[in-house]
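Notes follow once the structure below has been shown.
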Amino acid sequence: MIGKSLYSTGLSYLGAVLAKPDPVLHVQAYLMCTIHALHSPSSQAVLSMISMTMRCCVISQLHLSINETQVRDASSLLKTQIRRRVFWSTYSIDRLVSWIYHVPCSLADENIQTELFANISDCEIKEWGPKSPSQEKEFVPRQTQVSSALHLIRVRRIQSRILSIMMRADFEKNLLFSHSWRLHLLEELEQWRRQLQPHSDPQSRGYTSQGWVGMAYNYTILLLYRPTVENVRGMVGERCLRACAEILSTFRQYQKDRHTAQLWPGLLSQFGVGITLLYCLWATPPSYRSDAYRLPRISTAVRTCSVILAVFAEQWREADPLRDLFDTLSESTPIGSLSTSVVGTYNIPAQTMSWIHSVMPHIISLVVNRDICRMILDMISDRNPWQDAGYNDCITAWSWEDLHSPHECHLCQNQKEWDPQGASSWQIGEELSMEAGTEGPLDALSDELLSFPGLFGSAEF
């Protein structure tokens, strides 16, 4: 009740804020409303508010660099950095919401011109003054108040590129069964993970900690490799099982420690991870299960997800159907160390099946994510991958041994169309090489050197 009262009071001032001539202030106001929506049990509110906030950024041209103030003193530097932080905060939330709900991003990456905000703490901005050219650009990686945020934005950009591919009209026709573009982005994701430790806050136990930021790696794996009956056996199923187990274990630990807020998208992400875990078990008969399926942590992960959803349901009554549906499906899914000679059964009682069908329209409106909904509908359909001979062979025989081949990769062959910002890392690296006095090819540079833009970016100087 207190939260609703405070929110109502805040909304009463919204008109006065929007009457101010400051466009950055307008976006900040919408960002606050978006944060409130993330804490509210309404998918429609979350999707609407972040879309509105990003639209406000576009109207205010925060995604462009043409209106940025030229940095001459600490005051102008502060204005530029606040402007960039506001935009990239909106961007990060927009990409978070987009992959959780599996919907198109509100603003395409190729339309963004503004640079990332600087890797500099607030106190340094206030103390900044004109310096010599050699001091103005500092490329030595270091830990600041915003290092973790910058590193998280990097993985959001990888997720954004994955989504831009999956949202293409020709995706199912030309790219659904292609492994080459996935391997391309997997290489970038692995590089991002190698840089995680030096860019996380070692003192943090919340959002900027290595564990919390690191969950983005496994979330991105699940975004890259969506399991289907046709591809789940083998590498895809094993990748997804491992990612699901690690996410659920890490999330539950943070949930117990109460160092992070319980957000509505957080509930949906954990529900989606749990459904993905059950789907892999449902779609893979014992004869196709590797040792990864028989690890004790898989059954532990199922129980952990049930606990996570139960905790969310204590906070929101709206979470009850998600908790109940997961528990029902988990009770019907064969889990554990099954012998390869065992013929499993997947039987849901008729009365329970009737209940599931009755709540599915509501579940779909809450979840929105069409891949998660597809998995649920598959599991409650008449399909039986354990007994149907038609599913004995994987259509997509992807392997752990598959390597990225540039001449077969759509991203490499169509760089400008597919990866409009793909050159940015190369350009930053080349600029660092020239201006920091580094010699040699780009791939000789350290991972840390490629992690951030210059201390203040390049536009100001």
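Going letter by letter, the sequence shown gives residues 667 to 1127 in my numbering.
Note that beta-carbon positions come from the ideal geometry of N, C-alpha and C, so glycine has one too.
It should be emphasised that the depicted structure is a prediction, and the values quoted were computed from it without experimental measurement.
Under the three-state DSSP convention, the category residue 955 falls into = As a position in the sequence shown, residue 955 is number 289, starting the count at 1. The answer is coil: DSSP assigns residue 955 none of H, G, I, E or B.
Are the beta-carbon atoms belonging to residue 874 and residue 906 less than 7 Å from one another?
-> By 1-based counting over the sequence shown, the position of residue 874 is 208. By 1-based counting over the sequence shown, the position of residue 906 is 240. Cβ atoms of residue 874 and residue 906: not closer than 7 Å.
In the structure shown, what three-state DSSP assignment does residue 771 receive?
-> For this step, residue 771 is matched to residue 105 along the sequence shown. The answer is coil: DSSP assigns residue 771 none of H, G, I, E or B.
Would you give the residue range spanned by the alpha helix (DSSP H) that residue 723 belongs to?
-> Against the sequence shown, residue 723 aligns to sequence position 57. Segment 709-725, the alpha helix (DSSP H) holding residue 723.
Residue from 932, 947 and 921 with nearest C-alpha to residue 899 | The sequence position of residue 899 within the sequence shown is 233, counting from 1. Of the candidates 932, 947 and 921, the one whose C-alpha sits nearest the C-alpha of residue 899 is 947.
Give the DSSP-derived three-state secondary structure of residue 836 in the structure shown.
-> Along the sequence shown, one-based indexing puts residue 836 at 170. Correct three-state label for residue 836: coil.
Assign residue 681 to one of two classes, buried (16 or more other C-beta atoms within 10 Å of its C-beta) or exposed (fewer than that).
-> Start at 1 with the first residue of the sequence shown, and residue 681 comes out as number 15. When all chains shown are included, residue 681 counts as exposed.
When the distance is taken between beta carbons, is residue 811 closer than 7 Å to residue 830?
-> Position 164 of the sequence shown holds residue 830. Position 145 of the sequence shown holds residue 811. Not in contact: residue 830 and residue 811 (Cβ atoms no closer than 7 Å).
By a C-beta neighbour count over all protein chains shown, 10 Å radius and 16 as the cutoff for buried, is residue 726 buried or exposed?
-> Against the sequence shown, residue 726 aligns to sequence position 60. Residue 726 should be labelled buried.
Throw me the rounded Cβ distance for the residue 1014 and residue 1046 pair, which I believe falls under 8 Å.
-> Start at 1 with the first residue of the sequence shown, and residue 1014 comes out as number 348. Start at 1 with the first residue of the sequence shown, and residue 1046 comes out as number 380. Going by Cβ atoms, the distance from residue 1014 to residue 1046 rounds to 7 Å, so yes, they are a contact pair.
Give me the Cα-Cα distance between residue 707 and residue 928, rounded to the nearest whole angstrom.
-> As a first step, residue 707 must be located in the sequence shown, where it is residue number 41. As a first step, residue 928 must be located in the sequence shown, where it is residue number 262. Distance between the alpha carbons of residue 707 and residue 928 is about 11 Å.
Is the distance from the Cβ of residue 709 to the Cβ of residue 1032 below 7 Å?
-> The residue given as residue 709 occupies position 43 in the sequence shown. The residue given as residue 1032 occupies position 366 in the sequence shown. A contact, by the Cβ cut-off of 7 Å.
Considering only C-alpha positions, which residue in the set 776, 766 and 887 is nearest to residue 854?
-> Mapped onto the sequence shown, residue 854 falls at position 188. When only C-alpha atoms are compared, the closest one is 887.
Using 8 Å as the Cβ pair cut-off and three pairs as the minimum, do the region 959-966 and the region 907-916 touch?
-> yes
For residue 837, count neighbouring C-beta atoms within 10 Å of its own C-beta (all shown protein chains included) and say buried if the count is 16 or more, exposed if not.
-> Residue 837 sits at position 171 when you count from the first residue of the sequence shown. Exposed, by the Cβ-count rule.
Please confirm whether residue 763 and residue 712 have their CB atoms less than 7 Å apart.
-> For this step, residue 763 is matched to residue 97 along the sequence shown. For this step, residue 712 is matched to residue 46 along the sequence shown. Closer than 7 Å, so yes.
Within the same chain, show all residues whose beta-carbon is closer than 7 Å to that of residue 700, passing over the 5 residues directly before and after it, in chain order.
-> By 1-based counting over the sequence shown, the position of residue 700 is 34. Closer than 7 Å at Cβ, skipping near neighbours: 715, 716, 719 and 759.
Shorter than 7 Å from the beta carbon of residue 729 to some beta carbon of chain D?
-> Protein chain content of the structure displayed is limited to a single chain, and chain D is not contained in it.
Go through its chain and collect everything with a Cβ distance to residue 992's Cβ below 6 Å, but skip five positions before and after it.
-> Looking up residue 992 in the sequence shown gives position 326. For residue 992, where only same-chain residues beyond five positions count, the Cβ hits under 6 Å are 940 and 975.
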